[in-house]
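Accompanying notes for the structure given below.
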Ligand code: PGA
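In my numbering, the protein residues as written are 3 to 252.
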């Protein structure tokens, strides 16, 4: 049976105590879960959540990291610091980083190569805005984000990368791409990965969908052949909304 990859991006929510309590609740509730599960708390809560997740199958993720290992980068968090805390996964190029903090494909690429070099598995987020979609630019935008984001990545490392397709207009809006629309973009992503790394890598790569994933749409989304998991924002903040997603099978 196919294993899905369900990830929770907690964004800028929860204190250290709230994060630790919630992580404990999730690790209990999700103990029967057969999927791969990751949670990404705020940087401040990573250490506490790492402690709670010891012995749990849930992977610890970070929401971002710097594109440099260390140095004069006020306010940034290094891959070495994440590694030190036991972080296994990092979300890179989230649309909120791209749009609100002006992260470029080049910056995302530097972060991706650095995460790979240090053994932290990246989730590379790609996705178009509504204007780009309506202007017929979906494939060129997503294609560029992919090609630039993966630039310089050796073929031997592509298996460590997860792609998250998150149409910007569907994030936090309650609007979800239809399963058919999402699947079509996922198929396009696979095609680009095939061009870059060959058919075997393209078939194997995990492509998550993100954007208003909820318990009531997860079954239809995951039923699509090219959708291999979900990157969940709002619904990942409570056990009663995230557990049914991670445990979605009927
Ligand atoms: P959402 O966020 O589930 O709240 O739409 C998804 C994301 O930003 O990763």
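By construction, the Cβ of each residue, glycine as well, lies at the ideal position given by its N, Cα and C atoms.
- If you draw a straight line from the Cα of residue 230 to the Cα of residue 7, it comes to about 6 angstroms.
- Contact between residue 232 and residue 223 is confirmed by a C-beta separation of about 7 angstroms, below the 8 angstroms threshold.
- When the alpha-carbon of residue 56 is set against those of 37, 131, 25 and 84, the nearest one is in 25.
- DSSP, read as helix, strand or coil, puts residue 64 in strand.
- In the DSSP assignment, residue 208 forms a beta bridge with 164.
- In the DSSP assignment, residue 190 falls within the alpha helix (DSSP H) that extends over 181-199.
- Taken atom to atom, the span from the alpha-carbon of residue 18 to that of residue 33 is near 22 angstroms.
- Burial check for residue 179: the Cβ neighbour count within 10 Å reaches 16 or more, so the residue is buried.
- By the neighbour-count criterion, in which 16 or more other beta carbons inside 10 Å mark a residue as buried, residue 82 falls on the exposed side.
- A distance below 8 angstroms separates the beta carbons of residue 131 and residue 170.
- Residue 42 and residue 11 do touch by the CB rule: their CB atoms are close to 5 angstroms apart, below 8 angstroms.
- A distance below 8 angstroms separates the beta carbons of residue 61 and residue 91.
- Within the same chain, no Cβ atom closer than 6 angstroms to the Cβ of residue 201 is found once the five residues on either side in sequence are excluded.
- Under the DSSP assignment, residue 3 falls outside any alpha helix (DSSP H); it carries neither an H nor an E label.
- In the structure shown, residue 14 falls within a coil segment according to DSSP collapsed to helix, strand and coil.
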